[in-house]
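Note sheet for the following structure.
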Amino acid sequence: EPEVTQTPSHQVTQMGQEVILRCVPISNHLYFYWYRQILGQKVEFLVSFYNNEISEKSEIFDDQFSVERPDGSNFTLKIRSTKLEDSAMYFCASSELAGVSHEQYFGPGTRLTVT
Amino acid sequence: AQSVTQLDSQVPVFEEAPVELRCNYSSSVSVYLFWYVQYPNQGLQLLLKYLSGSTLVKGINGFEAEFNKSQTSFHLRKPSVHISDTAEYFCAVSDPFGGSYIPTFGRGTSLIVHP
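Protein chains in written order, with the working numbering: chain E, 14 to 128; chain C, 37 to 151.
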């Protein structure tokens, strides 16, 4: 069964460093998403992406964040200068189309630890 | 904006016992409601969803949930749990008239099934 994959599973970085989290969505899906979950808190939406453009973003997704689909398979989240409060589990998801009737399929997550 | 409250951070239960995981959402005219499950080291997986129609929704793995508009609740139930149901469960809501189909998640409830 096709699945969303994410690498690495765990990333440790120093404050102020740039980090890139990688995701491979399901191949025939057109919409891609990033969410994050700070330990003990809610899963929060960051951004959605379609047709090589951001279609929606939350207040969390500020200028420190960017997303890219550098080739036909990868979908990346970049954090330019990491802060301690960026430590969280980051989930990538994809869906065939947009809307609540189209299920989002989630990856296993990347745990980012900023020291 | 919608919000979701999962009052129980952890629910321990013995195998074959019934379980209820509670979810309440902030009131709105109309909402879509979801339950996701996350097994260890895996991504979030959709268990069930309520979009309209019957207030009792059946999902995968023997789970069901009941939409109660007057109590703004969407509690998840299973009559007899297995060890394999040990996982994190997330309730989520989206507001179809709020301009976005992106779900708002709760903090999650950890279901721990003991033998």
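Each residue gets a CB set at the ideal place from its N, CA and C atoms; glycine is no exception. Values in this document were obtained by computation on a predicted structure and should not be read as measured data.
Query	Result
Quick check on DSSP: helix, strand or coil for E102 of chain C?	strand
Considering only C-alpha positions, which residue in the set C:V55, C:H118, C:R113, C:N77 is nearest to L27 of chain C?	There is no way to answer for residue 27 of chain C, as the model of chain C reaches only from 37 to 151.
Going by Cα to Cα distance, which pick from C:S88, C:R58, C:F133 is closest to F126 of chain C?	C:R58
Within 10 Å of its beta-carbon, does F133 of chain C have 16 or more other beta-carbons around it, so buried, or fewer, so exposed?	exposed
Indicate whether F58 of chain E and G79 of chain C have their beta-carbon atoms separated by less than 8 Å.	no
Relative to the C-alpha of R124 of chain E, which residue among E:E16, E:T20, E:E14 is closest?	E:T20
Tell me whether S108 of chain E sits in a helix, a strand or coil according to DSSP, three-state version.	strand
Cβ of Q54 of chain E less than 8 Å from any chain C Cβ?	yes
I'd like to know if P15 of chain E contacts chain C, where contact means its C-beta is closer than 8 Å to some C-beta of that chain.	no
Whose C-beta lies closer than 8 Å to the C-beta of H42 of chain E among residues of the same chain, with five residues either side of it excluded?	S107, S108, E109, Y118
Measure the CB-CB distance between S109 of chain C and N60 of chain C and report whether it falls below 8 Å.	yes
CB F104 of chain E to CB Y48 of chain E, shorter than 8 Å?	yes
Opposite Y75 of chain C in the DSSP bridges: which residues?	BP columns for Y75 of chain C are empty, so no partner.
How would you label T95 of chain E, buried or exposed, when you count the other beta carbons within 10 angstroms and need 16 or more for buried?	buried
Just to confirm, are S116 of chain C and P54 of chain C a CB contact at a threshold of 8 Å?	yes
Just grab the DSSP bridge partners of K96 of chain E for me.	Its beta-bridge partners do not exist; DSSP assigns none.
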